[in-house]
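Enquirer:
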Amino acid sequence: MAEFISVHRRSFLAGGAGVLAAAACARTGVAVRAQEATKASKPLPAYVDWKNAEGLIVHSENTIETKREFIGTSGVTPNDLVYVRNNISPPDQSILANRDAWEVTFEGVANPRNVTLGELKTMGIETVAMVLQCSGNGRGFFEHKASGTPWRTGAAANVLWSGVPLRTVVDALGGASAGMKFLTSTGGETLPEGVDPKTVVVERSIPMDHALENAILAWEMNGEPISLAHGGPLRVITPGYYGVNNVKYVKRVALTAAETDASIQSTGYRIRPVGVEGAPDQPSMWEMKVKSWVTHPLADAKSGKIQIHGVAFGGFSALKGVEVSTDGGNTWKDAQLLGPDMGRYAWRPFVLSADLAPGTHAITSRATDSEGRVQEETTEPNHRGYDYSGWRRLAVEVTVA
Amino acid sequence: MRFALGAAVLIVVSGRLLASDADGQAALELGKDVFTSLAEPRCSVCHTLADAGAAGKVGPSLDEQQPTEDDVKLSIMEGGGVMPPYAGILTPEQIDAVAKYVSSVAGKTQ
C-alpha cells in the first residue's frame, strides 16, 4: 500500500527535498515508493504508540502524517490514522488520570471563574464534523524551500468532535464583557524556564463572533475520550479554521479585545510573500480554503473500469461539488459525493467511475464551494509554505497496464 | 626546480588542510557555545541534544531528528511553529557554526 507515483513530469513533483529525491527516482526508474518506505521506518513515539504505524509517516516526534492512500471512502478518519502536529511536546500523560478534574480559566465574561471539565459536561453537548487541517498541509508541493515539515496531503483528517458549545459556557458565565472581539485560547503545555513565555506559548486568537456561533470545547473525538496526542482532556474546536487554532489541553479560554501578542499569533502563522518577515498586519492562518485531492488510484492500475476516489471540502464554506480529470486538467467530469452530508465544515468523499486505457493518466480533482469559489490550479508561494491547494501539483500520474 | 615547486605546492596545500581542520574544530566549538549559551532563547532550553547536555522537551529531540546542516540552518533562519527565527539575532557565522555542530553530533552520543 506504499505510495507509488510514477513521476515523469516536473509539474507533478513535490517541492523542497522531495523534488530532488523524486527527480532522481524518475531518472533511475525507482519510484517514490522507496522514499516513503524510508520515512515510514521511523518508529512511532511512545505517546502515539497506539496508532496505525503502517498508515503513517513519522517526520518527527511531533509531526506525523497520514499516508495518502490510507484515507478511505467512509468520511470519518479513524483516530489511529489522524495526523499529529504538536507545536510543543505534549504534557505528561498523567493529565488524563482524572479528566473531569481538569480546570479551565474563563475570562472576558461577566462572571469569570475556573470551571472543571466535569462541570462543563453538565452544561450542554453538541457534535460537529470538521476537517482538521494543519496550516502547513501541502508544504511539500511548494518549490521554494520553506522551513517546517514537508507535509503532502496527510496533515488533514475529518473528525467528529463532541463537547459543550462555547456560547453555552459564555451564557452560563453571564455573557461576554463589553468590547470583546476575539476568542483567545491558551494551551496547557509545560513551558521551559528562562524563556519569555510569549515566545513559545501556544495561544491563539480567532474572531469572537465566529467562535460564539461555531466553537465547542470538546472532550470526545470520534466516540472516544480525546487522547493526549490530540489534545485531551479538553480541546478548543474551531470549525472552518486551520489546525493551529484548535488549541489542545486548553487551560484558559478568554474573550479578549485584541489578538494575543504571543509569537505564534503575532508573527507566526501569517501569510506573506517569500522572504518577508512575519508581522501582525498580514493575514492570519484562520479560514481554510476549498480543496480536494484524489486518494485512489495513486500508482498503477489495470485497464478497464476503475473507481477514482478522494476527499473534498469547502474549508470555511460548505462544499458544493467536485470534478475529476484524468487528462491533467484538460477535461473534467462531475464526481459523485459519497456518504452522508456531515455539514459545512466536514469533508466529503467522492467517486468517479472511469474506464482508463493503457498508458499514463494524470488524475486530479477540483472542488467548488457554496460561494462558487473553485479550487485553485496552483497556489502562490508564501514564505512559510502554508496550505498548498493547487489541483495541478496535487495530481497523481497513474500508469495503466 | 620543478621538485622544489612541487614541494612548495604540497606544503601550501597541506598547510591549508591543517588550517581548515582547525577552522572546522573552532566552528564546532563555537556551534556548541551558540547552542548552549549564545542564542537567546537558548537552543538547549527546548531541544534534547546529548552532546550539549541538553534535555529540553519543548521542541523535537535533535538526537532523534538527526537533521542535516541545511535543515538546521533553515530552521534557525526561519523558525517554525513556536520556534522563533534567529536571523538577525545570531550572526551568519554563528548560524553556520551551530548548524555544523548540531548536524555533526546529533544522535551520535548515547
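In order, the protein sequences belong to chains Z and E.
Read in order, the letters of the first sequence are residues 1 to 401 in my numbering.
Read in order, the letters of the second sequence are residues 1001 to 1110 in my numbering.
Backbone N, C-alpha and C fix where the C-beta goes; we use that ideal spot for every residue, glycine too.
Indicate the three-state DSSP secondary structure (helix, strand or coil) for residue 20 of chain Z in the structure shown.
Expert: By 1-based counting over the first sequence, the position of residue 20 of chain Z is 20. Here the model assigns residue 20 of chain Z a pLDDT of 34, short of 50, so the residue's position is not dependable and the matter cannot be decided.
Enquirer: Assign residue 138 of chain Z to one of three DSSP states: helix, strand, or coil.
Expert: The residue given as residue 138 of chain Z occupies position 138 in the first sequence. DSSP places residue 138 of chain Z in coil when its eight states are reduced to three.
Enquirer: Is the beta carbon of residue 391 of chain Z sitting closer than 9 Å to the one on residue 325 of chain Z?
Expert: Along the first sequence, one-based indexing puts residue 391 of chain Z at 391. Along the first sequence, one-based indexing puts residue 325 of chain Z at 325. Cβ atoms of residue 391 of chain Z and residue 325 of chain Z: closer than 9 Å.
Enquirer: For residue 357 of chain Z, which of Z/207, Z/331, Z/395 and Z/327 has the nearest alpha-carbon?
Expert: The count along the first sequence starts at 1 and reaches residue 357 of chain Z at position 357. Out of Z/207, Z/331, Z/395 and Z/327, Z/327 has the C-alpha closest to the C-alpha of residue 357 of chain Z.
Enquirer: Return the residue from the list Z/119, Z/264, Z/371 and Z/284 that minimises the CA-CA distance to residue 1080 of chain E.
Expert: Counting from one through the second sequence, the residue named residue 1080 of chain E turns up at place 80. The residue with the shortest Cα to Cα distance from residue 1080 of chain E is Z/264.
Enquirer: Assign residue 408 of chain Z to one of two classes, buried (16 or more other C-beta atoms within 10 Å of its C-beta) or exposed (fewer than that).
Expert: As displayed, chain Z neither begins before 1 nor continues past 401, which places residue 408 of chain Z out of reach and without an answer.
Enquirer: For residue 98 of chain Z, which three-state DSSP category applies?
Expert: Taking the first sequence and counting its residues from 1, one reaches residue 98 of chain Z at position 98. It is coil, neither helix nor strand.
Enquirer: Note down, in chain order, each residue of its chain lying with its Cβ closer than 6 Å to the Cβ of residue 1107 of chain E, except the 5 sequence neighbours on either side.
Expert: Residue numbering aside, residue 1107 of chain E sits at position 107 when the second sequence is read from its first letter. Only 1063 and 1066 meet the Cβ criterion.
Enquirer: In chain E, which residues lie with their C-beta within 7 Å of the C-beta of residue 148 of chain Z?
Expert: Position 148 of the first sequence, counting from 1, holds the residue named residue 148 of chain Z. The answer, in chain order, is 1080.
Enquirer: To the nearest angstrom, how far is the alpha carbon of residue 39 of chain Z from that of residue 149 of chain Z?
Expert: Looking up residue 39 of chain Z in the first sequence gives position 39. Looking up residue 149 of chain Z in the first sequence gives position 149. Residue confidence is low: residue 39 of chain Z scores 46 on pLDDT, short of 50, so the model does not pin down where it sits. Its coordinate-derived value is still stated next. Residue 39 of chain Z and residue 149 of chain Z: Cα-Cα distance of roughly 12 Å.
Enquirer: Among Z/365, Z/188 and Z/166, which has the Cα closest to the Cα of residue 182 of chain Z?
Expert: What you label residue 182 of chain Z is simply residue 182 of the first sequence in a count that begins at 1. When each option's Cα is compared against that of residue 182 of chain Z, the closest is Z/166.
Enquirer: Looking only at its chain, what residues have a beta carbon closer than 8 Å to the beta carbon of residue 1040 of chain E, apart from the 5 residues adjacent to it on each side?
Expert: Along the second sequence, read from residue 1 onward, the residue named residue 1040 of chain E stands at position 40. 1089, listed in sequence order.
Enquirer: Are the region 224-233 of chain Z and the region 272-284 of chain Z in contact at 8 Å, needing three or more beta carbon pairs?
Expert: At 8 Å Cβ cutoff, the stretches do not touch.
Enquirer: To the nearest angstrom, how far is the alpha carbon of residue 1096 of chain E from that of residue 1021 of chain E?
Expert: Looking up residue 1096 of chain E in the second sequence gives position 96. Looking up residue 1021 of chain E in the second sequence gives position 21. Each residue's alpha carbon lies about 16 Å from the other.
Enquirer: From what residue to what residue does the alpha helix (DSSP H) around residue 1065 of chain E run?
Expert: For the purposes of this step, residue 1065 of chain E is identified with residue 65 of the second sequence, where counting begins at 1. 1062-1065 is the span of the alpha helix (DSSP H), which, as asked, contains residue 1065 of chain E.
Enquirer: DSSP three-state label for residue 282 of chain Z, please.
Expert: Here the question's residue 282 of chain Z lines up with position 282 in the first sequence. Reduced to three states, the DSSP call for residue 282 of chain Z is coil.
Enquirer: Near residue 366 of chain Z, which residues of its chain fall below 6 Å by C-beta distance, leaving aside the five closest residues on each side in sequence?
Expert: For the purposes of this step, residue 366 of chain Z is taken as residue 366 along the first sequence, with counting starting at 1. These residues qualify, in order along the chain: 323, 375 and 391.
Enquirer: Where does the unbroken alpha helix (DSSP H) through residue 354 of chain Z begin, and where does it stop?
Expert: In the first sequence, counting from the first residue as 1, residue 354 of chain Z sits at position 354. Per DSSP, residue 354 of chain Z belongs to no alpha helix (DSSP H); it is in the beta strand (DSSP E), 348-356.
Enquirer: Taking its Cβ as the centre, do 16 or more other Cβ atoms sit within 10 Å of residue 1129 of chain E, making it buried, or is it exposed?
Expert: Given that chain E is displayed from residue 1001 to residue 1110, the structure contains no residue 1129 of chain E and the question cannot be resolved.
Enquirer: Thinking C-beta only, is residue 256 of chain Z closer than 9 Å to residue 342 of chain Z?
Expert: Residue 342 of chain Z sits at position 342 when you count from the first residue of the first sequence. Residue 256 of chain Z sits at position 256 when you count from the first residue of the first sequence. No, Cβ-Cβ distance for residue 342 of chain Z and residue 256 of chain Z is not below 9 Å.
Enquirer: Name, going along the chain, the residues of the region 189-207 of chain Z whose beta-carbon falls closer than 9 Å to a beta-carbon of chain E.
Expert: Answer set for the region 189-207 of chain Z: 189, 190, 191, 192, 193, 194, 195, 196, 199, 200, 201 and 202.
Enquirer: Chain Z beta carbons: is any one of them nearer than 9 Å to that of residue 1049 of chain E?
Expert: Here residue 1049 of chain E corresponds to residue number 49 of the second sequence, with the count starting at 1. No, its Cβ sits nowhere closer than 9 Å to a Cβ of chain Z.
Enquirer: Below 8 Å on the Cβ atoms is my contact criterion, and I expect residue 217 of chain Z with residue 293 of chain Z to pass it. Report the Cβ-Cβ distance as a whole number of Å.
Expert: For this step, residue 217 of chain Z is matched to residue 217 along the first sequence. For this step, residue 293 of chain Z is matched to residue 293 along the first sequence. The pair is not a contact, with the Cβ atoms about 31 Å apart (cut-off 8 Å).
Enquirer: Just the chain Z side, please: which residues come within less than 9 Å of residue 1092 of chain E by C-beta, in chain order?
Expert: Along the second sequence, one-based indexing puts residue 1092 of chain E at 92. Result: empty, since nearest Cβ-Cβ is about 16 Å, beyond 9 Å.
Enquirer: In chain Z, what lies closer than 8 Å to residue 1046 of chain E by C-beta?
Expert: Counting from 1 along the second sequence, the entry for residue 1046 of chain E is found at position 46. In chain order: 192, 195 and 200.
Enquirer: Taking 6 Å as the limit between beta carbons, can you name the residues of its chain near residue 184 of chain Z, skipping five residues before and five after?
Expert: Taking the first residue of the first sequence as 1, we reach residue 184 of chain Z at position 184. These residues qualify, in order along the chain: 205, 254, 256 and 260.
Enquirer: Identify each residue in the region 58-77 of chain Z for which the Cβ-Cβ distance to at least one residue of chain E is less than 7 Å, and report them in chain order.
Expert: Residues 60, 61 and 62.
Enquirer: Which of the residues in the region 124-148 of chain Z, read from start to end, lie with their CB under 7 Å from any CB of chain E?
Expert: Listed by position along the chain: 145, 147 and 148.
Enquirer: Classify residue 115 of chain Z as buried or exposed, calling it buried when 16 or more other Cβ atoms lie within 10 Å of its own Cβ.
Expert: Here residue 115 of chain Z refers to the residue found at position 115 of the first sequence. By the 10 Å Cβ count, residue 115 of chain Z comes out buried.
Enquirer: Excluding sequence positions up to five away, which residues of its chain have a Cβ less than 7 Å from the Cβ of residue 1101 of chain E?
Expert: The sequence position of residue 1101 of chain E within the second sequence is 101, counting from 1. 1028, 1031, 1032 and 1035.
Enquirer: Are residue 147 of chain Z and residue 285 of chain Z closer than 9 Å when you measure CB to CB?
Expert: Here residue 147 of chain Z refers to the residue found at position 147 when the first sequence is read from its first residue. Here residue 285 of chain Z refers to the residue found at position 285 when the first sequence is read from its first residue. Cβ distance not < 9 Å, so residue 147 of chain Z and residue 285 of chain Z don't count as in contact.
Enquirer: Give the DSSP bridge partners of residue 313 of chain Z, in chain order.
Expert: By one-based count along the first sequence, residue 313 of chain Z stands at place 313. For residue 313 of chain Z, which the question treats as bridged, DSSP gives the partners Z/291.
Enquirer: Should residue 44 of chain Z and residue 58 of chain Z be called a contact, given that it needs their Cβ atoms to be closer than 9 Å?
Expert: Along the first sequence, read from residue 1 onward, the residue named residue 44 of chain Z stands at position 44. Along the first sequence, read from residue 1 onward, the residue named residue 58 of chain Z stands at position 58. Against a cut-off of 9 Å, the Cβ pair of residue 58 of chain Z and residue 44 of chain Z comes out as a contact.
Enquirer: What are the residues in the region 1050-1069 of chain E lying within 7 Å of chain Z by C-beta distance?
Expert: Flagged, chain order: 1056, 1057, 1058, 1060, 1061, 1064 and 1065.
Enquirer: In angstroms with no decimal places, state the Cα-to-Cα distance between residue 355 of chain Z and residue 363 of chain Z.
Expert: Within the first sequence, residue 355 of chain Z is the residue found at index 355, counting from 1. Within the first sequence, residue 363 of chain Z is the residue found at index 363, counting from 1. Computed Cα separation, rounded: 13 Å.
Enquirer: Answer yes if the region 72-89 of chain Z comes into contact with the region 208-223 of chain Z, meaning at least three C-beta pairs across the two stretches below 8 Å, and no otherwise.
Expert: Cβ pair count under 8 Å is three or more, so yes.
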